[in-house]
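**Student:** Okay, here's the structure, questions in a sec.
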Amino acid sequence: MPSLFASYLRIYEPLTAFDRDRQVFWRRYAKEGRDLGLIEGPAKQRTAVLEALGAGWTRLPDLPDEAYVLEWENSLLICPWNLRLRVAEAALNARDGVPAVLADAFVPPVLAGQAKAVVEDWRSGAKVLEQGVPRVHEQIATWGVPLRWFAFVDLEEREISLTGRRRGLRYRTEISKARRRAHRAVSVLRKSLGDAPITEAVEEGARWLEEFHPRSVVELDYGGLVNLLPEDKLTGDDSPGLVAAGLSALSRGDADAASEAYEKLVARWRVVQLLERCN
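Those letters in the sequence shown? Residues 1 to 279, per UniProt numbering, in order.
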């Protein structure tokens, strides 16, 4: 499981994106106020997965349906947590870099096979579109924000709160805007850099955005990272602006300006990434 020093890219979908049974469930879930906010939610997710990991690993456990709920322009939007997927990913991660004997003791091969099947089903975009397999509504990154995420939002869409214990910084935008930005970024990067890793990463993000309902909302949440950054750094953060400036420079062939924007962005987030090594 990721640490609480993580950032999140989430998709909130309208109720019409779900089947009839899910619509009834999520409407009742929201009406009863069972959802947690963005401050408490990540900790509860982490606790739920860690408790599932201690269940003896005889099978992938059944976990309750949980979600983040967002009121957006008089509509109710839902971002499911997909806890079963999180547990499957944790099971596979527990085997990474561990000798086979120890890996099999912690996560038996049969269980690892179940976990792999769950992850592959959830990650397969083709199955999502053709067979209606549940979509992955939340991506998580630890100790930083993947730079490609900033291509999906605009600096003017920032929401920031630095009061008391409710510190938060996030960007929210309609998915239609995020898709246009993503496809424009892919076009610019492919024309300028070709099949570079950054081009492929942004293209993968663009494909992910296409899996969701056209009236969805995209949220880039700094999550627990706000507790690692001083107030002046948060209020002065213009990472989406730097990405936009870099893409604009690439589109007009100004490699120097593009490199300057990229280097500023990398230097800013390297400071956070290095904190992972602090004891």
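Virtual Cβ for every residue (Gly too), placed ideally from N, Cα, C.
Counting along the chain, where does the beta strand (DSSP E) carrying residue 360 start and finish?
**Tutor:** Summary: the structure shown does not reach residue 360, with the chain confined to residues 1 through 279, and so no result is reported for it.
**Student:** Would a C-beta distance cut-off of 8 Å place alanine 182 and valine 153 closer than the cut-off?
**Tutor:** On the sequence shown, residue 182 is found 182 positions in, with the first residue counted as 1. On the sequence shown, residue 153 is found 153 positions in, with the first residue counted as 1. No. Outside cutoff.
**Student:** Is DSSP giving aspartate 121 helix, strand or coil here?
**Tutor:** By one-based count along the sequence shown, residue 121 stands at place 121. In this structure, aspartate 121 counts as helix in the three-state DSSP scheme.
**Student:** So is glycine 205 buried or exposed if we call it buried at 16+ other beta carbons inside 10 Å?
**Tutor:** For the purposes of this step, residue 205 is taken as residue 205 along the sequence shown, with counting starting at 1. When all chains shown are included, glycine 205 counts as buried.
**Student:** Looking at C-alpha atoms only, which residue of Ala100, Ser176, Leu4, Ala117 is the closest neighbour of valine 218?
**Tutor:** On the sequence shown, residue 218 is found 218 positions in, with the first residue counted as 1. Comparing Cα positions, the closest option is Ser176.
**Student:** Provide the residue(s) that pair with tryptophan 81 in DSSP beta bridges, ordered along the chain.
**Tutor:** In the sequence shown, counting from the first residue as 1, residue 81 sits at position 81. Beta-bridge pairing links tryptophan 81 to no other residue.
**Student:** I'd like to confirm the pairing. Which residues does DSSP put opposite glutamate 219 in its beta bridges?
**Tutor:** Translated into the one-based positions of the sequence shown, residue 219 becomes position 219. Arg10, Arg172.
**Student:** May I have a chain-ordered list of the alpha helix (DSSP H) segments no shorter than 4 residues that lie completely inside the stretch 186 to 255?
**Tutor:** Here the runs fully enclosed are 197 to 209, 231 to 235, 239 to 251.
**Student:** Is arginine 34 helix, strand or coil when you go by DSSP?
**Tutor:** In the sequence shown, residue 34 corresponds to position 34, counting from 1. Coil at arginine 34, not helix or strand.
**Student:** Are valine 119 and valine 87 close, meaning C-beta to C-beta below 8 Å?
**Tutor:** Within the sequence shown, numbered from 1, the residue matching residue 119 stands at position 119. Within the sequence shown, numbered from 1, the residue matching residue 87 stands at position 87. Result no, Cβ atoms of valine 119 and valine 87 do not sit closer than 8 Å.
**Student:** For tryptophan 81 and glycine 37, what's the separation of their Cα atoms in angstroms?
**Tutor:** The residue you call residue 81 lines up with position 81 of the sequence shown. The residue you call residue 37 lines up with position 37 of the sequence shown. Roughly 12 Å separates the two Cα atoms.
**Student:** Tell whether a beta-carbon distance below 8 Å holds between isoleucine 140 and threonine 235.
**Tutor:** Walking along the sequence shown from the start, residue 140 turns up at place 140. Walking along the sequence shown from the start, residue 235 turns up at place 235. The answer is no: Cβ separation not under 8 Å.
**Student:** Could you check which residue in Ala67, Leu147, Pro230 has the C-alpha nearest to that of aspartate 35?
**Tutor:** Walking along the sequence shown from the start, residue 35 turns up at place 35. Minimum Cα distance to aspartate 35 is reached at Ala67.
**Student:** Which two residues bound the contiguous beta strand (DSSP E) that contains leucine 70?
**Tutor:** If you number the sequence shown from 1, residue 70 lands on position 70. Unbroken beta strand (DSSP E) run through leucine 70: 67 to 72.
**Student:** By DSSP, does arginine 158 sit in helix, in strand, or in coil?
**Tutor:** For the purposes of this step, residue 158 is taken as the residue at position 158 of the sequence shown. Arginine 158 falls in the strand class under three-state DSSP.
**Student:** Where does the unbroken beta strand (DSSP E) through threonine 142 begin, and where does it stop?
**Tutor:** Taking the first residue of the sequence shown as 1, we reach residue 142 at position 142. Unbroken beta strand (DSSP E) run through threonine 142: 138 to 142.
**Student:** Hey, valine 266 and tryptophan 143 are a contact pair by Cβ (cut 8 Å); roughly how many whole angstroms apart?
**Tutor:** The residue you call residue 266 lines up with position 266 of the sequence shown. The residue you call residue 143 lines up with position 143 of the sequence shown. Not confirmed; about 14 Å, so no contact.
**Student:** Quick check: what's the CA-CA separation for arginine 167 versus glycine 41?
**Tutor:** Numbered from its first residue, the sequence shown carries residue 167 at position 167. Numbered from its first residue, the sequence shown carries residue 41 at position 41. Going by the C-alpha atoms only, they are around 14 Å apart.
**Student:** Short check: CB of proline 240 to CB of leucine 155, under 8 Å?
**Tutor:** Walking along the sequence shown from the start, residue 240 turns up at place 240. Walking along the sequence shown from the start, residue 155 turns up at place 155. Cβ atoms of proline 240 and leucine 155: closer than 8 Å.
**Student:** Quick check: the Cα distance between proline 14 and leucine 70, rounded to an integer number of angstroms?
**Tutor:** Taking the first residue of the sequence shown as 1, we reach residue 14 at position 14. Taking the first residue of the sequence shown as 1, we reach residue 70 at position 70. C-alpha separation (whole angstroms): 9 Å.
**Student:** Assuming phenylalanine 212 and isoleucine 11 form a contact by the criterion Cβ under 8 Å, report the distance between their Cβ atoms to the nearest whole angstrom.
**Tutor:** One-based indexing of the sequence shown puts residue 212 at position 212. One-based indexing of the sequence shown puts residue 11 at position 11. Between isoleucine 11 and phenylalanine 212 the Cβ distance is about 5 Å, and since that is below 8 Å, they are a contact.
**Student:** Taking the alpha carbon of glutamate 231 as the reference point, which residue from Tyr29, Arg165, Arg27 has its own alpha carbon closest?
**Tutor:** Looking up residue 231 in the sequence shown gives position 231. If we check each option's Cα against that of glutamate 231, Arg165 comes out closest.
**Student:** Please state whether DSSP places leucine 15 in a helix, a strand or coil.
**Tutor:** Within the sequence shown, the letter at position 15 stands for residue 15. Here leucine 15 sits in helix by DSSP.
**Student:** For glycine 194 and lysine 116, I'd like the C-alpha separation in whole angstroms.
**Tutor:** To locate residue 194, count along the sequence shown from 1; it is residue 194. To locate residue 116, count along the sequence shown from 1; it is residue 116. Approximately 32 Å between the Cα atoms of the pair.
**Student:** Starting from the C-beta of alanine 112, find all residues in its chain whose C-beta is less than 7 Å away, skip the five residues before and the five after it, and write them out in chain order.
**Tutor:** Along the sequence shown, read from residue 1 onward, the residue named residue 112 stands at position 112. These residues qualify, in order along the chain: Ala91, Leu92, Arg95.
**Student:** What are the residues that DSSP puts in a beta bridge with serine 75?
**Tutor:** Taking the sequence shown and counting its residues from 1, one reaches residue 75 at position 75. Paired residues: Trp72.
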